[in-house]
Amino acid sequence: SSWTDSPNGTGPFKLIEYKIGEQIVLGKHDDYHLGAAKLDKIVMNLAGGSSMAMYENDEIDITGVSLFDLERIMDPNDPLNPDLVIANPGFSISYIGFNVTEPPFDDVNFRKALNHAVDKKLIAKEVLADLVVPAYGILPPGFPGYSDDLVGLEYNPVLAKEFLEKSIYADPETRPRIVITIPGTGGSPNLDLEVIINMWFENLGVEVEIQQVEWATFLSDLNKRRFQAFGGLGWEADYPDPQDFLDVLFHSESDKNNGAYSNPDVDLLLEQARLESNIDNRLKLYSEAEQIIVDEGVWIPLWFEGEGHVLIKPYIEGYIITPMTISKMRYVDIKN
28 SSWTDSPNGT GPFKLIEYKI GEQIVLGKHD DYHLGAAKLD KIVMNLAGGS
78 SMAMYENDEI DITGVSLFDL ERIMDPNDPL NPDLVIANPG FSISYIGFNV
128 TEPPFDDVNF RKALNHAVDK KLIAKEVLAD LVVPAYGILP PGFPGYSDDL
178 VGLEYNPVLA KEFLEKSIYA DPETRPRIVI TIPGTGGSPN LDLEVIINMW
228 FENLGVEVEI QQVEWATFLS DLNKRRFQAF GGLGWEADYP DPQDFLDVLF
278 HSESDKNNGA YSNPDVDLLL EQARLESNID NRLKLYSEAE QIIVDEGVWI
328 PLWFEGEGHV LIKPYIEGYI ITPMTISKMR YVDIKN
């Protein structure tokens, strides 16, 4: 068993139960050094399904609002509208990842061709109603180390074709079958992914299949690097430092490097940044590493979050929405 199954922490809550793909249950830590939390128990639903329906049926107290439901909830006449809270953009990114040891993604030219063939601005506007910001780097806007000077692999179908022609997989007759795996149980994939796959075909003639895998199996296989390509994913900051994105996700020895990316130059920059005490020099090292990662097309960065939309029951008080993964549940209480 993993040490994460029975963590020994110092926070205001302790783990009571963790069922992969189902739920996390936290209980109050009475001996917390800053004083016990107000809630006795927190249940986090991981099982998916329709969280909006669960919210409307009073099965859960807090949920995000999807694009599908947003127009309805924004209507002042909707009964859920008074529960709506507008949140600042989170420090997160959605992306498509490639296993760079698996053909055809072991060829940097093929990866760059796919990057340049995706019109993110069009998808953000026409499919996602401008609720997201197209991403061309890894670090989100406003995050330490974010730089407007980073040069991304922007939409350029002519350049995409040139990179495909340079690729050893230019010939569709000998190109390996391409499958992108996403978490799911047979429902329709997100429309943005379907549009991206269509753009690859229209701009490059590259055919890509979608495979859905149940969430717990998806996570297990992702961590074992069993996928050729993977989507339906995002990464949200646990703490406000570039290390939480660049080192955790791209250092060759990181267990979260799900695409098996390995570049000694990037490793060296990341290792130097770990030890650098001067903040400006440290951020410069991270910027250099990020530029190399982007240039090599290890991911297709898709979207940074725009404003978030969250429903919170009126009897919940003290819930603080942060731009990072960890909610400040210590201050939350339920009004009588």
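The opening position of the sequence shown corresponds to residue 28 in this note's numbering, with each subsequent residue numbered one higher.
No residue lacks a Cβ here, since even glycine has one placed at the ideal position from N, Cα and C.
Please read all numbers here as calculations on a predicted model, not as lab measurements.
In terms of CA proximity to Asn35, Leu53 leads the group Gly48, Leu329, Leu53.
By the CB criterion at 8 angstroms, Leu166 and Glu317 fall inside the cutoff. Under the rule that a run must span 3 or more residues, the beta strand (DSSP E) segments found entirely inside the segment 49–98 read 50–55, 68–72, 89–91. For Gln255, there is no enclosing beta strand (DSSP E), since its DSSP letter is neither H nor E.
With respect to the C-alpha of Glu44, the residue from Asp57, Lys68, Gly62 having the closest C-alpha is Lys68. Inclusion of Ile205 and Glu234 in the CB contact set at 8 angstroms is warranted, their separation being smaller than that value.
Approximately 29 angstroms separates the beta-carbon atoms of Gly172 and Pro210; this is outside 8 angstroms, ruling out the contact. As the crow flies, the alpha-carbon of Gly286 is around 37 angstroms from that of Glu86.
Here DSSP, grouped into helix, strand and coil, assigns Lys41 to strand. According to DSSP, residue pairing for Asp322 in a beta bridge does not occur. Taking the Cβ atoms as the reference, Ile89 lies roughly 7 angstroms from Ile343, within the contact range of under 8 angstroms. Here the alpha carbon of Asp105 sits roughly 37 angstroms from the alpha carbon of Phe245. Runs of the alpha helix (DSSP H) spanning 4 or more residues and lying entirely within the segment 199–273 occur at 218–231, 242–250, in chain order.
Taking Ile361 as the centre and dropping the five residues before and after it, the same chain places the C-beta of Tyr342 closer than 6 angstroms to its C-beta, in chain order.
Per DSSP, the unbroken beta strand (DSSP E) holding Phe125 starts and ends at 119–125. Lys46 is bridged by DSSP to Gln50. Sequence-distant partners of Leu94 (beyond 5 residues in either direction) whose C-beta falls short of 8 angstroms from its own C-beta, in its chain, are Leu155, Ala156, Leu158. A contact between stretches requires three or more CB pairs, one per stretch, nearer than 8 angstroms, and the segment 287–294 fails this requirement with the segment 131–140. Secondary-structure assignment with DSSP links Gly335 through a beta bridge to Ala114. Counting only the Cα atoms, Gly117 lies some 26 angstroms from Lys65. Cβ contact annotation for Arg253 (same chain, cutoff 7 angstroms, sequence separation greater than five): none. In the structure shown, Pro341 falls within a coil segment according to DSSP collapsed to helix, strand and coil. Under the three-state reduction of DSSP, Val160 is assigned to strand. Within its own chain, the residues whose Cβ lies closer than 6 angstroms to the Cβ of Ile195, once the five positions on either side in sequence are excluded, are Asp134, listed in chain order. Between the alpha carbons of Arg138 and Ala144 lies a gap of roughly 10 angstroms. For Gly335, the closest C-alpha among the options Ile47, Asp96, Lys46 is that of Asp96.
Counting every other CB atom within 10 Å of its CB across the protein chains shown gives Ile306 a total below 16, marking it as exposed.
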